[in-house]
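Number of protein chains: 2
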Amino acid sequence: MTPAVTAEQVQSFIDVVQSRRSVRKYDSDTKISRDELKEILTLASKAPSSSNMQHWRYLVIDSPERKQELLPIANSQQQVVEASAVIAILGDLEGWRNADQIYRQAAEAGYMAPDLAKQFAERSTQMYSSLPKDRAREIAVIDASLAAMQLMLVARAKGYDTVPMGGFDREKFKAAFELGDRYVPVMLIPIGKAAQEGHPTTRLPIEDVTFWNEVSPSH
Amino acid sequence: MTPAVTAEQVQSFIDVVQSRRSVRKYDSDTKISRDELKEILTLASKAPSSSNMQHWRYLVIDSPERKQELLPIANSQQQVVEASAVIAILGDLEGWRNADQIYRQAAEAGYMAPDLAKQFAERSTQMYSSLPKDRAREIAVIDASLAAMQLMLVARAKGYDTVPMGGFDREKFKAAFELGDRYVPVMLIPIGKAAQEGHPTTRLPIEDVTFWNEVSPSH
Numbered sequence: 001m002t003p004a005v006t007a008e009q010v011q012s013f014i015d016v017v018q019s020r021r022s023v024r025k026y027d028s029d030t031k032i033s034r035d036e037l038k039e040i041l042t043l044a045s046k047a048p049s050s051s052n053m054q055h056w057r058y059l060v061i062d063s064p065e066r067k068q069e070l071l072p073i074a075n076s077q078q079q080v081v082e083a084s085a086v087i088a089i090l091g092d093l094e095g096w097r098n099a100d101q102i103y104r105q106a107a108e109a110g111y112m113a114p115d116l117a118k119q120f121a122e123r124s125t126q127m128y129s130s131l132p133k134d135r136a137r138e139i140a141v142i143d144a145s146l147a148a149m150q151l152m153l154v155a156r157a158k159g160y161d162t163v164p165m166g167g168f169d170r171e172k173f174k175a176a177f178e179l180g181d182r183y184v185p186v187m188l189i190p191i192g193k194a195a196q197e198g199h200p201t202t203r204l205p206i207e208d209v210t211f212w213n214e215v216s217p218s219h
Numbered sequence: 220m221t222p223a224v225t226a227e228q229v230q231s232f233i234d235v236v237q238s239r240r241s242v243r244k245y246d247s248d249t250k251i252s253r254d255e256l257k258e259i260l261t262l263a264s265k266a267p268s269s270s271n272m273q274h275w276r277y278l279v280i281d282s283p284e285r286k287q288e289l290l291p292i293a294n295s296q297q298q299v300v301e302a303s304a305v306i307a308i309l310g311d312l313e314g315w316r317n318a319d320q321i322y323r324q325a326a327e328a329g330y331m332a333p334d335l336a337k338q339f340a341e342r343s344t345q346m347y348s349s350l351p352k353d354r355a356r357e358i359a360v361i362d363a364s365l366a367a368m369q370l371m372l373v374a375r376a377k378g379y380d381t382v383p384m385g386g387f388d389r390e391k392f393k394a395a396f397e398l399g400d401r402y403v404p405v406m407l408i409p410i411g412k413a414a415q416e417g418h419p420t421t422r423l424p425i426e427d428v429t430f431w432n433e434v435s436p437s438h
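Protein chains in written order, with the numbering used here: chain A, 1 to 219; chain B, 220 to 438.
If you want it as structure tokens, here you go:
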């Protein structure tokens with residue numbers, strides 16, 4: 001039922017995964033056009049999400065002034081000004097506001113009967129708008145992180161580099177970019193062409209991070 | 220500085236992203252070997268993480284008994300018994316316990332001077348073990364979600380299907396699999412061969428989820 005894949009395609013995919021490294025030095029002459037950024041974000045947004053609510057939002061910071069403003073907020077890490085753009089990955093705490101549109105689109109595409117789509121939209125609006133705050137935030141953060149990972153891989157496949165940054169002042173960021181209470185900053189992702197390769201890193205042995213059928217106390 | 224990519228490789232990567240769908244009907248005769256699961260998890264773990272702390276953990280549920288036990292916890296969704304395995308993605312709230320090993324590995328691989336590695340390990344242990352609980356949890360959830368997305372794409376590239384599930388009783392899951400206070404269940408990912416294609420879904424127009432340099436109030 002699933003499309004056949006050739007060994008070469010598998011390897012080419014694995015190469016993307018293996019070649020992605022966190023890059024901190026960017027060629028500041030490289031400019032990725034907004035059209036290409038939109039293409040990358042469109043592919044990132046093919047990620048799955050909670051009830052297809054797509055709680056991710058992208059705040060693209062590509063103006064020199066805004067990048068400079070971001071610099072002290074991001075602990076003066078030069079990549080935020082040297083990269084072509086910084087994509088702030090946000091979680092939308094009020095993603096249910098789009099439920100009607102999401103299910104209307106599904107009905108219009110012929111993926112769902114209009115009546116059912118209406119029911120689903122109502123149920124999702126009701127369910128997501130009444131979630132406890134902590135749970136709503138966690139769902140938004142998870143959806144946003146899924147899109148973030150896909151974004152970094154799509155960028156690498158297209159020959160660009162990225163680095164996910166958690167080290168920035170969240171309060172100052174929220175204030176500077178007027179996120180209000182609706183949007184949670186999840187991470188910053190500078191994107192551009194590497195001027196210097198990212199350094200290689202190791203991973204814990206897979207046995208140390210995997211449990212089989214039960215969580216063993218030795219971990 | 221970055222490896223050259225051919226147009227074919229880019230397309231083959233995009234095909235993987237585009238062809239991944241949430242699959243809910245699995246061929247229950249397909250068994251993915253533990254060796255192959257480990258290979259998939261090893262690639263998933265190439266995801267980036269906060270200070271390379273790798274807060275993801277995988278609880279692989281592949282025994283028929285455990286899958287049956289999971290069924291009522293997962294709202295009787297048949298995919299948890301029909302898929303070859305269910306990979307519960309966990310966040311480790313005490314990932315700093317591995318800081319020494321992570322930096323020792325980096326030094327052993329020659330990626331970092333031993334003295335520096337020791338300093339980094341101490342700093343990470345100190346920093347991550349003293350984080351406010353909410354922040355520690357969010358970091359663990361983000362890292363785990365990045366690995367989860369990469370896992371789903373790697374699975375697809377290798378011809379398998381998955382579905383990320385957020386709909387399960389977290390408290391009952393924690394009790395049944397004895398997660399204690401250390402591990403946060405982030406999502407369940409059944410993995411196997413589709414018996415029936417996942418249904419297509421739509422996404423919001425990219426303009427509706429993207430801001431340029433400032434968050435516009437119209438969104």
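The beta carbon of each residue, even a glycine, is placed where N, CA and C say it ideally should be. Since we're looking at a predicted model, the values are computed, not measured.
query                                                                                                                                                               : result
Which chain A residues sit within Cβ distance under 8 Å of residue 385(B)?                                                                                          : 50, 139, 142
Can you give me the C-alpha to C-alpha distance between residue 122(A) and residue 423(B), rounded to a whole angstrom?                                             : 17 Å
Which of helix, strand or coil does DSSP assign to residue 310(B)?                                                                                                  : strand
Just verifying my parser: in three-state terms, what is the DSSP assignment at residue 239(B)?                                                                      : coil
CB of residue 327(B) to nearest heavy atom of the ligand ATP: below 7 Å?                                                                                            : Only the bare structure without any ligand can be found here, which leaves the ligand ATP out of the picture.
Please list the partners that residue 431(B) has in chain A, where partner means a Cβ-to-Cβ separation under 9 Å.                                                   : 34, 59, 60, 61, 62, 63
Mind pulling the beta strand (DSSP E) runs of 3 or more residues that sit fully within the stretch 68-133 of chain A?                                               : 85-92
Taking C-alpha atoms, which residue in 235(B), 346(B), 241(B) lies nearest to residue 382(B)?                                                                       : 241(B)
Using a Cβ-Cβ cutoff of less than 7 Å, which residues in the same chain neighbour residue 67(A) once the five nearest sequence positions on both sides are dropped? : 61, 80, 81, 86
Please identify, using Cβ separations under 8 Å, the residues of the stretch 390-412 of chain B that lie next to chain A, in order along the chain.                 : 396, 397, 398, 399, 402, 405, 406, 412
Just how far apart, CA to CA, sit residue 76(A) and residue 397(B)?                                                                                                 : 43 Å
I'd like to check one pair, residue 259(B) with residue 392(B): are the Cβ atoms closer than 8 Å?                                                                   : no
Quick check on DSSP: helix, strand or coil for residue 223(A)?                                                                                                      : A query on residue 223(A) cannot be resolved here, the shown segment of chain A reaching from 1 to 219 and no further.
Cα-Cα, which of 311(B), 331(B), 394(B) is closest to residue 347(B)?                                                                                                : 311(B)
With 8 Å as the threshold, decide whether the Cβ of residue 99(A) is near any Cβ in chain B.                                                                        : no
Kindly indicate which three-state DSSP category residue 414(B) falls into: helix, strand or coil?                                                                   : strand
Please report how far the alpha carbon of residue 357(B) lies from the alpha carbon of residue 89(A), in whole angstroms.                                           : 14 Å
To the nearest angstrom, how far is the alpha carbon of residue 17(A) from that of residue 360(B)?                                                                  : 21 Å
How is the alpha helix (DSSP H) around residue 211(A) delimited, first residue to last?                                                                             : It is not in any alpha helix (DSSP H) - residue 211(A) instead sits in the beta strand (DSSP E) that spans 210-212.
To which residues does DSSP link residue 170(A) through a beta bridge?                                                                                              : Beta-bridge pairing links residue 170(A) to no other residue.
Over what stretch of residues does the beta strand (DSSP E) that includes residue 58(A) continue unbroken?                                                          : 56-61
Let me confirm a value: residue 417(B) is counted as buried when at least 16 other C-beta atoms fall within 10 Å, else exposed. Which label applies?                : buried
Using the C-alpha atoms, what's the distance from residue 47(A) back to residue 365(B)?                                                                             : 11 Å
I'd like to know whether the C-beta atoms of residue 185(A) and residue 170(A) end up nearer to each other than 8 Å.                                                : yes
With a Cβ-Cβ cutoff of 8 Å, do residue 243(B) and residue 375(B) count as a contact?                                                                                : no
In whole angstroms, what separates the C-alpha of residue 282(B) from that of residue 322(B)?                                                                       : 35 Å
Residue 332(B) CB to nearest chain D CB: under 8 Å?                                                                                                                 : Any reference to chain D falls outside this structure, whose protein chains are A and B.
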